[in-house]
Amino acid sequence: MERSLSENGRSEVGMSITKGPWTEEEDSVLFNYITVHGEGLKRTGKSCRLRWLNYLRPNVRRGNITLQEQLLILDLHSRWGNRWSKIAEHLPGRTDNEIKNYWRTRVVKQAKQLKCDVNSKQFRDTLRFVWMPRMLERIQAQASSNHAQTTLNDNAQAHSNTDFVEAHASSLSDSAASCSAEEASSSNPCHDRNYNYSDMPGNNGFGGADLWTDENICFLQQQLADDF
DNA sequence: AATCCCAACAACCGCCGTCAC
DNA sequence: TGTGACGGCGGTTGTTGGGAT
Numbered sequence: 001m002e003r004s005l006s007e008n009g010r011s012e013v014g015m016s017i018t019k020g021p022w023t024e025e026e027d028s029v030l031f032n033y034i035t036v037h038g039e040g041l042k043r044t045g046k047s048c049r050l051r052w053l054n055y056l057r058p059n060v061r062r063g064n065i066t067l068q069e070q071l072l073i074l075d076l077h078s079r080w081g082n083r084w085s086k087i088a089e090h091l092p093g094r095t096d097n098e099i100k101n102y103w104r105t106r107v108v109k110q111a112k113q114l115k116c117d118v119n120s121k122q123f124r125d126t127l128r129f130v131w132m133p134r135m136l137e138r139i140q141a142q143a144s145s146n147h148a149q150t151t152l153n154d155n156a157q158a159h160s161n162t163d164f165v166e167a168h169a170s171s172l173s174d175s176a177a178s179c180s181a182e183e184a185s186s187s188n189p190c191h192d193r194n195y196n197y198s199d200m201p202g203n204n205g206f207g208g209a210d211l212w213t214d215e216n217i218c219f220l221q222q223q224l225a226d227d228f
C-alpha cells in the first residue's frame, strides 16, 4: 500500500510513501538518524510540512505573480471559488498560500474599493468583463512585443505567451457567450476591446448599483496599471 | 531620524477526512 | 469497528519591509 506526494504535497507519480507497520530496518534508519542529528527542531510536524511546501520545496516559484498567472487565478477562482489548493495545482510552483494571499491583497482590495462584496455577482462581472479582458489586452501586447524579439532571438517563452492568450481569449469569449440575453443584446462590453469603462452597463446590467463612478474607474485603472 | 501606516508575505489555527492500529 | 494521530485545506492572524509624513 502506498501513496505519493505532489509538488503541493499531494499525489504524484514516482515518489512512493511506505505505509503500514514499521520494519526493523526502518526503525534502525530512524534511530541512527536521530542519534546523529538529534531530535532537532522544536516544531510540530504540521509546521515543518508547511515550511517545506511553501518555502523549501525545490521547484517552488518565488517572486511576482505574472500576468498570465493572475489571469489564470481569476479564471479558475470564477469556476471553483476559494479552492486554493485546486487552483494551485494549475499554477506549477505556486502554493495555495501564495494564491490565497494574492487574492486577499489584490482582489479583495479591489472589491472593497468598489464597495461591493467580493463574492457578489456584481463584482464577479466586473472581474470577468473589465479586469480580465484588460489583463488579456496587456498580455497580448506583451506577447506581440516579445514576438517581435522572438524573430530575432528565437525566444520560446513568447510562443507560450501567445498560446496562453489564445486559449484565454476564447475562454473569455465563452464567458461572454454565456451572458444573459439582455446583456448580449445590448452591445456587450466583453466583445469590445476598446471598451470605455464609463460605458459599462452599471445601471442596468450589473446588478443595478452605480459602480462606475469616476473615482472607481480611476482606481481600477490605477490597479491595472500597477499590475504591469 | 523617528514614527506611523499599509501591503505583502509567512505562519498558525481549527476543522474535517483518512488511515493505522 | 472504534479511536487516536496525522495530514490537507481554508480562514485568520502575525511579521516584516518600504513608503509617507
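The letter at position 218 of the first sequence is residue 218 when you use full-length UniProt numbering, and the numbering goes up by one with no holes.
Note that the Cβ used here is the ideal one computed from N, Cα and C, for glycine as well.
A quick note: this is a predicted structure, and the numbers were derived from the prediction, not measured.
- Under the three-state reduction of DSSP, Cys48 is assigned to helix.
- Pairing Arg138 with Leu67 gives a Cβ-Cβ distance under 8 angstroms.
- In this structure, DSSP gives Thr66 a state outside helix and strand, which the three-state scheme calls coil.
- Given a length threshold of 4 residues, each whole run of the alpha helix (DSSP H) inside the segment 57 to 115 is given here in chain order: 67 to 80, 84 to 88, 96 to 102, 108 to 113.
- For Arg124, the uninterrupted alpha helix (DSSP H) segment begins and ends at 121 to 126.
- DSSP, reduced to helix, strand and coil, places Val130 within a helical segment of the structure shown.
- Judged by DSSP in its simplified three-state form, Val36 adopts helix.
- The alpha carbon of Leu74 has as its nearest neighbour, out of Ala143, Val36, Leu41, Arg104, the alpha carbon of Arg104.
- For Gly93, the closest C-alpha among the options Arg79, Trp52, Val107 is that of Trp52.
- Between Ile99 and Ala88, the C-beta spacing is below 8 angstroms.
- Shown here, Leu53 sits in a helix according to DSSP, grouped into three states.
- The alpha-carbon of Leu136 is positioned some 11 angstroms away from that of Glu69.
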